[in-house]
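Counting with this note's numbering, you get residues 11 to 297 for the letters of the sequence shown. Working notes, beginning with the structure itself.
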Amino acid sequence: MMHRFGCTALVSPVALAMAITLASLGAQPAQADSRKPADMVLNSLPVSVEMASGYSRSLFRHWTDGDGNGCDARKDVLVAEAITGQVVGCTVVGGVWQSVYDGVSTSNSSTFDVDHRVPLKEAWDSGAWRWSASTREAFANDLGFADSLIAVSASSNRSKSDRDPADWLPKYEVCTYAKTWIAVKYRWRLAVDTTEKSALQRIIGSCPGLMLVPDLASINTDPGAGRPNSSSPAPTASMAPTGGATDPRFRTCGEAIAARYGPYVVGRDEEYYWYIDRDNDGVVCER
């Protein structure tokens with residue numbers, strides 16, 4: 011599998027050296043190799059009931075050219091993951107790809123999908139409903155973490171659909187799949203539900219080694235976002251239990267603070283994902 015240098019990746023030594031030079035001039039710095047036990051990273055994720063409404067694929071503008079190299083994100087992934095071939099523009103001549111989900115190989119890239127490791131709907135249900143349009147677009151085209159997007163057979167991707175690891179797992183490399191799922195959720199500060207977390211705990215319990223912990227992505231929230239189609243009224247300060255009890259999910263941080271709740275920290279407190287982090291500092295409802 012080629013290392014990801016976007017559309018400048020080439021197979022000859024001279025061209026590869028040129029690609030490295032170009033990448034060093036215009037690409038983001040390589041991420042530091044940070045590795046931790048998978049259960050530690052999983053336990054840092056907030057646990058929350060998923061949003062069950064409001065999703066539309068059109069909310070995530072995808073296959074854009076976010077890095078400005080002239081190739082959209084799908085083409086970048088196909089270039090990066092070609093086993094053989096030579097890059098011409100945004101395509102791979104004589105390329106071969108292999109789907110790690112089911113072992114299928116192809117020399118026709120149009121028969122492969124580029125899969126979002128964490129599906130767009132799953133992301134929405136897990137917290138992306140709070141995001142700005144630009145953050146949703148960044149998630150849908152995330153080349154900043156090499157495992158966010160992957161070229162796989164269309165049949166395996168359709169089989170997966172928008173299901174989480176409690177409902178679907180690939181035929182091969184299950185440990186890698188589970189660790190990568192956790193990594194993407196960590197990178198984008200997305201929650202897991204209880205069934206999903208239990209399934210992941212069961213899988214990684216038999217997986218050796220550490221997992222790569224990606225850099226946190228930059229996230230902007232939509233100040234107007236609210237839980238769509240909520241069937242019950244949001245709690246108010248008068249509904250809050252006495253100090254020390256569980257936050258009943260207020261409408262705003264102001265109400266939470268007035269009832270003596272907060273602050274909440276990303277990766278530690280489930281409540282962080284209930285409120286808007288307007289200054290994007292990883293803390294909400296600071297008193």
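Note that the Cβ used here is the ideal one computed from N, Cα and C, for glycine as well. A quick note: this is a predicted structure, and the numbers were derived from the prediction, not measured.
For the pair the segment 163 to 172 and the segment 88 to 95, tell me if three or more CB-CB distances fall below 8 Å. Contact annotation: the segment 163 to 172 does not touch the segment 88 to 95, with fewer than three C-beta pairs closer than 8 Å.
If you draw a straight line from the C-alpha of P180 to the C-alpha of A269, how long is it? In this structure, the straight-line span from the alpha carbon of P180 to that of A269 is close to 46 Å.
On the DSSP bridge list, what partners appear for Q108? The partner list for Q108 (beta bridge, DSSP) reads S115.
Let's see if you can read the secondary structure: which residues bound the beta strand (DSSP E) around I160? Counted as a single uninterrupted DSSP element, the beta strand (DSSP E) harbouring I160 occupies residues 159 to 163.
If you pair each beta-carbon of the segment 143 to 152 with each one of the segment 212 to 231, do three or more pairs fall below 8 Å? In short, these stretches touch, since the Cβ pair count reaches three.
Cβ atoms of A83 and K189: under 8 Å apart, would you say? The answer is no: Cβ separation not under 8 Å.
Look at the alpha carbon of L210 and the alpha carbon of V223, and state the distance between them as a whole number of angstroms. Answer to the nearest angstrom: the Cα atoms are 16 Å apart.
By the 10 Å Cβ neighbour count, where 16 or more other Cβ atoms means buried, how is M221 classified, buried or exposed? A buried status is given to M221, since no fewer than 16 other beta-carbon atoms sit within 10 Å of its beta-carbon.
Can you tell me whether R288 is buried or exposed, with buried defined as 16 or more other CB within 10 angstroms of its CB? Result: exposed.
Touching or not, the segment 192 to 201 and the segment 128 to 140, by the rule of three or more beta carbon pairs under 8 Å? With a cut-off of 8 Å, the segment 128 to 140 and the segment 192 to 201 count as touching, because enough Cβ pairs lie within range.
Same chain, Cβ closer than 8 Å to W191, five either side skipped, listed in chain order: Once the five neighbours on either side are set aside, the close Cβ partners of W191 are R127, V128, D174, P175, L210.
Could you spell out the range, first to last residue, of the beta strand (DSSP E) harbouring V98? Residues 94 to 98.
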